[in-house]
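Novice:
Residue numbers (the numbering used here), protein chains in the order written: chain A, 1 to 739; chain B, 1001 to 1739.
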């Protein structure tokens, strides 16, 4: 592992979710550099502090301060001599509004969980199965229908192909299932397509798989919710105008459930999934009993005229359409680290169960539909027709429809499990914003969850909650990921050449070819119906990920520790701090090729000039001046005047005060303040680039938001204008208004 | 003048527009306090600076800095030993986008004007007349019609009252005109209703007048533009669907013209106003010639059935409706300082001319309409009917209509002259945001102009550009201002009792009573048609002005210079600066009733603790640490860790670096960073309230806006969280990314 470079290490090995992922450790080379830098540091700073930083001496709660805010010292527990632990209240926001929101959040999401609880938030298999399989299993509600809908375009005669095509799909399911079964132990810390493809086929392939998966997760939420809401509104047509609000509400409920944390989310979803499976198994049992009663003689389907010829393309399209039944098979492999130990073994078992159930439900439903001679028709789903034929009377039809609607709504939950996890892995490799590394206070990836819910709501609202408009965009992304993942596994086996690698590579190869065919068919056949969106979006997303990565790489390089230049030897005499207060030329050692930027990192080489912009003489500016002077460094006050007479007047006041600080007046005849000041500081910096200019600005702290337009907010504007200047440090001295 | 308090001084005396209004001088008491404070200051800071602040030594342009931004030293002209003058390029923004926008702005608005140019931007009378009178004169285009529209409700018989009522209106015009003529020399620096009412009847009356005027200015723009655009679309019906965009465009053009500055704006509007006056005078001449041809025998009006009885209320409503002809008479008195010297004399002459022209046009038109027996009818304005009757053939009808449309569009310009000026006076007295004091770089009150244009566009769009919906809101505000202003003048004469004060007071009294009657009638008769908006809005605005004033008063009191406590005598031994670096208890002198807040204003009493939050050890945090240590004050580093293992790892790195700064680790088991850190600093502050905590935070300066979501922006969030804490100074050490 140590031979790999850091990126590979992060992508391949370190796939365990930890709260410290945001704080990656330094590598040995960096520690060595750090040590060398430290040897050059000279500090004259006393280690005794004017206050006890451990707060240990002040066990009693101190009296309220001037601003009647209780100092929450009791919120910290001194742990070790130099360590405090922040108790839960230390996270509470300070404003009244913030506290109110925080309380509402607690009520909805539960109290925060400490990092130590992360290992308990793992899933048992019996919980993991429903959580991870609802997407996969729910798709049997529309998969067979999608297959038959295409086939029947060539007339009832073509329906004879249903069983061979279904057999092919079952083969595909088993092939992909076995492939993932092989993948999970090979990548025991998370075997998602992003990691597998990236590890074996290169970063580009991994990012492509990730882009496909991300689109698919968003679509899973939108499509499942749309289909589920449609099932509800079919039963209760009065709710139809409320389709979009209901869908948005359900997405928000899913978000809230997931923000509560993994285990809680799992508990919510156990019952409906098992109920759906039970309902469908019951349906199959009764259906086959009825078919046995007539000796398994198939009912002839109604005559449907052919709209298209029965060509290869149509057959492939039917196959590709039926393959939407497989969306969600990816779920387990991404979620391996969420299982209880031994994670990979439990995950593999769960996957086997899931695929087995999928095959049983899919094959059973397709065959029964064939036996009953049902064909898709507008206004009623095939599953609904089948349930109506099987259960002509009694509540069983309603049970099947209810559980179907419910599992469709919950299928979206799979995406809520996988999307944030995918983003976590991507963020750790620097391909996604770092904030997706952050574990929220319920140990859920709050940022990723919110991002998914937000995007899904956007898509749902944009498409008005219409399932049929969303379907063509669906499945392209997931088969892209399947293909890349399984191709990656072929490379993996070839590379590692363990026992039986040829057999394994063959299994994955077959899966890859089949997935690739489905991908091609889906992309081509559905291109004009909406698949073009995905075809365009995937490369754009990959580009974005790469740009993000480039930015982090630049940042990392810029912030990397650099050893001090060799000219400085540790212990080579007293530090040149004596020149700090003087006005002499830059130190000679600095002129010899040592740029100011590097030198800034050694405290003894920092040369200060404190600049205080003063608009008028009042308590705020005097406080800023006092603060500046108290730093004991050369100080310059700068006044901006709109005209000469005002400048004279100000200088007079300055002399009345005692002229304690050298004053420079800039007359700004065009009455601008920020621009000339910023340019003046830039000019000072250019004149003496080795100086660090500390600009001390008083900041009047307003107590009400509506007061803001009443102030020119010079402090903020100046800070913004000076941000681009190197070597300019801006210091805000707050001045608080009473009441 | 010296006996008055400051507010009165500002409202009454200092009504000259100067660029220094943003920088009011200190009064003698404040200067004395400043002197006393200065005597207590002890500074050990050398006056020699490490760089020449005059930039004089560096005449040659220095080489481009590391970030290839030319230091624009040539942009400053050293003037006196301690004064620089910012040349125009010093105002240029730094960003490329900013420079582009700035260039476009220059092209549209012209180059900036220096403060010294303010006295040349005055108006000659012949320019002032059209600029200030377009609102007043344009209203004769709808004033007589408004009068007759109400009268005719009582049938054609009631039209006999036209001439007496018009005579009454002429009397009112003359009375108000004479009243303002009397007011201008009494308030030679600006005689607006706000100042006159405020000066004589108290602040509340002044604010009420100001609120009425402000509403009226906004409505002047909206109504005039709506009427003007309607005139255009009547002539060219194809443009009707574009009413709102055309109106918005015209308002924006007016805004641009006014942002260019006073004189330029005047030049644009000279021609159309005079053309309108000439066209109406020509219409009157030809009309009376025709009437003379038939011996001035009136044509009998067509019979109109009575819809209402002819009661006193109807007559008063007719009078009030006709009085909309007088909106805009206020213009001159507000704009006195914009005249060339002697301002008040030129203003008075201009006012006399304006009122004279108004009387001639209004009386002439009303009489001619009466002689020609015209009555208002739907689809065509009365003026249009008159022009059609007078000029049956030839281009003259078109000339009258065109100039009418044009002057209506330009009438809005009066508001653009007065609104920002009113806001300037209010801002100087602290009743409006201070930013309205700022003279833009074209010496126009840019902020006020933009505020007016924005509000007028909002109103215009909200009412869909329909004149008839806006009219009922109109004129209530202006007659409120008239009434208050003239009542104020009565008080003024009573108070000052100069020669002939009884006669003057009588004149103003009559004006006040007449205006008050019109006001009451307008508010009551038009209440349900829309005047209720104004009746509600005026008190709300007054409340807002008062709240603004209270905020500024609080601010002023909080920032007022306070003499140091008597315990400290100047020259009473060495300053207690020795305790700065130590960890000893607070100085004894401080404990004796001298709170930390006051002491902060003397530099020798500031006791420092520098706190550096460190998330990870990289170049940014090391630079922040180096900066902090280089200040030479007690320094504490604080690390936030999500779990114990990370805390241990970090401490190890810290020791590898050399442990140059005392480190405190806070384990934040709920993974929040900002909250615990802010609470820790608050606890430190509570433990030692006399300390000034300087929090040094590295700030990575991002070069692209889209990079922002990739960072947690701890610096900004921490700054926001710490803002509420007294005694906590936040210092940003910028770290720039290359490329």
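The beta carbon of each residue, even a glycine, is placed where N, CA and C say it ideally should be.
1) Take residue 466 (chain A) and list the residues in its own chain whose beta-carbon comes closer than 8 Å to its own, dropping the five residues that flank it on each side.
2) With residue 1489 (chain B) and residue 1183 (chain B) assumed to form a contact (beta carbons below 8 Å), what rounded beta-carbon distance in angstroms separates them?
3) Determine the contact status of residue 1619 (chain B) and residue 1542 (chain B), defining contact as a CB-CB distance below 8 Å.
4) So which residues on chain A does residue 1496 (chain B) lean against when the C-beta distance must stay under 9 Å?
5) Let me see if you follow: with CB-CB separation under 8 Å, is residue 1618 (chain B) close to chain A or not?
6) Taking CB distances under 8 Å as the criterion, tell me whether residue 1052 (chain B) reaches chain A.
7) Answer with yes or no whether the minimum CB distance from residue 110 (chain A) to chain B is below 8 Å.
8) Which class does residue 1384 (chain B) belong to by DSSP, given the choice of helix, strand or coil?
9) So which residues of chain B does residue 653 (chain A) contact, with C-beta pairs closer than 9 Å?
10) Is the beta carbon of residue 1732 (chain B) closer than 8 Å to that of residue 729 (chain A)?
11) Could you give the first and the last residue of the continuous alpha helix (DSSP H) run that contains residue 1165 (chain B)?
12) So, residue 701 (chain A) versus residue 1723 (chain B), is the Cβ gap smaller than 8 Å?
13) Using a threshold of 8 Å, state whether the C-beta atoms of residue 353 (chain A) and residue 129 (chain A) are closer than that.
14) How big is the Cα-Cα spacing for residue 1348 (chain B) and residue 1216 (chain B)?
15) Are at least three pairs of beta-carbons, each pair with one atom in the stretch 390–405 of chain A and one in the stretch 282–289 of chain A, less than 8 Å apart?
16) Relative to the alpha-carbon of residue 551 (chain A), which residue among A:197, A:51 and A:434 has its alpha-carbon at the smallest distance?
17) With H, G and I counted as helix, E and B as strand and the rest as coil, what does DSSP make of residue 259 (chain A)?
18) Confirm, please, whether the CB-CB distance from residue 131 (chain A) to residue 346 (chain A) is below 8 Å.
19) Could you work out which residues of chain B lie near residue 707 (chain A), taking near to mean beta carbons separated by less than 7 Å?
20) Just to confirm before moving on: does the CB-CB distance between residue 390 (chain A) and residue 287 (chain A) stay below 8 Å?
21) Measuring only between beta-carbons, confirm whether residue 1386 (chain B) sits less than 8 Å from chain A.
22) So residue 370 (chain A) contacts chain B; which residues on that side make the cut at Cβ distance below 7 Å?
23) Looking at the unbroken alpha helix (DSSP H) that takes in residue 1361 (chain B), where does it start and where does it end?
24) Counting Cβ pairs closer than 8 Å, one from the stretch 1415–1431 of chain B and one from the stretch 1139–1148 of chain B, do we hit at least three?
25) Given a cut-off of 8 Å, decide if residue 318 (chain A) and residue 373 (chain A) are closer than it, judged by their beta-carbon atoms.
26) Keeping to the same chain, check which residues put their C-beta closer than 6 Å to that of residue 440 (chain A); ignore five residues upstream and five downstream.
27) How would you call residue 708 (chain A), buried or exposed, if buried means at least 16 neighbouring beta carbons within 10 angstroms?
28) Verify the CB distance criterion: does residue 563 (chain A) have a CB-CB separation below 8 Å to chain B?
29) Can you look up residue 1300 (chain B) in the DSSP assignment and give me helix, strand or coil?
30) What are the start and end residues of the beta strand (DSSP E) that includes residue 772 (chain A)?
31) Quick one: residues in its chain with C-beta nearer than 6 Å to the C-beta of residue 1501 (chain B), no 5 flanking neighbours on either side, listed in chain order?
32) Note down, in chain order, every chain B residue with its Cβ under 8 Å from the Cβ of residue 647 (chain A).
33) Roughly how far, in whole angstroms, is the beta-carbon of residue 324 (chain A) from the beta-carbon of residue 475 (chain A), given that I think they are within contact range, below 8 Å?
34) Under 7 Å between beta-carbons, which chain B residues line up against residue 697 (chain A)? List them in chain order, please.
35) Leaving out five residues before and five after residue 25 (chain A) in sequence, what residues of the same chain have Cβ atoms less than 8 Å from its Cβ?
36) Quick one: which chain B residues come within Cβ less than 8 Å of residue 627 (chain A)?
Specialist: Taking the coordinates as given:
1) Locating residue 466 (chain A) in the first chain gives position 466, counting from the first residue. Only 226 meet the Cβ criterion.
2) Translated into positions along the second chain, residue 1489 (chain B) becomes position 489. Translated into positions along the second chain, residue 1183 (chain B) becomes position 183. Correct: roughly 6 Å between the Cβ atoms.
3) Numbered from its first residue, the second chain carries residue 1619 (chain B) at position 619. Numbered from its first residue, the second chain carries residue 1542 (chain B) at position 542. For residue 1619 (chain B) and residue 1542 (chain B), no; Cβs fall outside 8 Å.
4) Reading the second chain from its first residue, position 496 is the one you call residue 1496 (chain B). Chain A residues near residue 1496 (chain B): none, gap ~32 Å exceeds 9 Å.
5) Your numbering for residue 1618 (chain B) matches position 618 in the second chain. It does: the Cβ of residue 1618 (chain B) has a partner Cβ on chain A nearer than 8 Å.
6) Here the question's residue 1052 (chain B) lines up with position 52 in the second chain. Yes, residue 1052 (chain B) counts as interfacial toward chain A.
7) In the first chain, counting from the first residue as 1, residue 110 (chain A) sits at position 110. No, because no Cβ of chain B sits closer than 8 Å to the Cβ of residue 110 (chain A).
8) Walking along the second chain from the start, residue 1384 (chain B) turns up at place 384. Helix, per DSSP.
9) Position 653 of the first chain, counted from the first residue, corresponds to residue 653 (chain A). Going along chain B in sequence order, the residues near residue 653 (chain A) (Cβ under 9 Å) are 1025, 1026, 1030, 1031 and 1034.
10) Taking the first chain and counting its residues from 1, the one referred to as residue 729 (chain A) is at position 729. Taking the second chain and counting its residues from 1, the one referred to as residue 1732 (chain B) is at position 732. A contact, by the Cβ cut-off of 8 Å.
11) Walking along the second chain from the start, residue 1165 (chain B) turns up at place 165. 1162–1186 is the extent of the alpha helix (DSSP H) around residue 1165 (chain B).
12) Counting from one through the first chain, the residue named residue 701 (chain A) turns up at place 701. Counting from one through the second chain, the residue named residue 1723 (chain B) turns up at place 723. Cβ distance < 8 Å, so residue 701 (chain A) and residue 1723 (chain B) count as in contact.
13) Indexing the first chain from 1 puts residue 353 (chain A) at position 353. Indexing the first chain from 1 puts residue 129 (chain A) at position 129. In this structure, residue 129 (chain A) lies closer than 8 Å to residue 353 (chain A) by Cβ.
14) For the purposes of this step, residue 1348 (chain B) is taken as the residue at position 348 of the second chain. For the purposes of this step, residue 1216 (chain B) is taken as the residue at position 216 of the second chain. Taking the straight line joining both Cα atoms gives about 23 Å.
15) yes
16) As a position in the first chain, residue 551 (chain A) is number 551, starting the count at 1. When only C-alpha atoms are compared, the closest one is A:434.
17) Translated into positions along the first chain, residue 259 (chain A) becomes position 259. It is helical.
18) Taking the first residue of the first chain as position 1, residue 346 (chain A) is located at position 346. Taking the first residue of the first chain as position 1, residue 131 (chain A) is located at position 131. The answer is no: Cβ separation not under 8 Å.
19) Against the first chain, residue 707 (chain A) aligns to sequence position 707. Those within 7 Å of residue 707 (chain A) in chain B are 1551.
20) Reading the first chain from its first residue, position 390 is the one you call residue 390 (chain A). Reading the first chain from its first residue, position 287 is the one you call residue 287 (chain A). Cβ atoms of residue 390 (chain A) and residue 287 (chain A): closer than 8 Å.
21) Locating residue 1386 (chain B) in the second chain gives position 386, where the first residue counts as 1. No, because no Cβ of chain A sits closer than 8 Å to the Cβ of residue 1386 (chain B).
22) Translated into the one-based positions of the first chain, residue 370 (chain A) becomes position 370. In chain order: nothing, as chain B lies at least about 52 Å away.
23) Taking the first residue of the second chain as position 1, residue 1361 (chain B) is located at position 361. Taken as a continuous stretch (DSSP letters only), the alpha helix (DSSP H) holding residue 1361 (chain B) covers 1343–1371.
24) no
25) Taking the first residue of the first chain as 1, we reach residue 373 (chain A) at position 373. Taking the first residue of the first chain as 1, we reach residue 318 (chain A) at position 318. No, they are not a contact pair.
26) Within the first chain, residue 440 (chain A) is the residue found at index 440, counting from 1. Correct list, in chain order: 446.
27) Here the question's residue 708 (chain A) lines up with position 708 in the first chain. Its Cβ having fewer than 16 others within 10 Å, residue 708 (chain A) is exposed.
28) Taking the first residue of the first chain as position 1, residue 563 (chain A) is located at position 563. Chain B contact via Cβ: absent.
29) To locate residue 1300 (chain B), count along the second chain from 1; it is residue 300. Residue state, collapsed to three classes: coil.
30) There is no way to answer for residue 772 (chain A), as the model of chain A reaches only from 1 to 739.
31) Working through the second chain from its first residue, we reach residue 1501 (chain B) at position 501. Correct list, in chain order: 1493.
32) Along the first chain, one-based indexing puts residue 647 (chain A) at 647. In chain order: 1083.
33) Residue mapping note: residue 324 (chain A) aligns to position 324 of the first chain, counting from 1. Residue mapping note: residue 475 (chain A) aligns to position 475 of the first chain, counting from 1. Yes, residue 324 (chain A) and residue 475 (chain A) are in contact; Cβ-Cβ is about 5 Å, under 8 Å.
34) Translated into positions along the first chain, residue 697 (chain A) becomes position 697. Those within 7 Å of residue 697 (chain A) in chain B number zero; the least Cβ separation is about 10 Å.
35) Locating residue 25 (chain A) in the first chain gives position 25, where the first residue counts as 1. Closer than 8 Å at the Cβ level, and outside the excluded window around residue 25 (chain A), lies no residue.
36) Position 627 of the first chain, counting from 1, holds the residue named residue 627 (chain A). Under the 8 Å cutoff, chain B gives 1600, 1603, 1606, 1692 and 1729.
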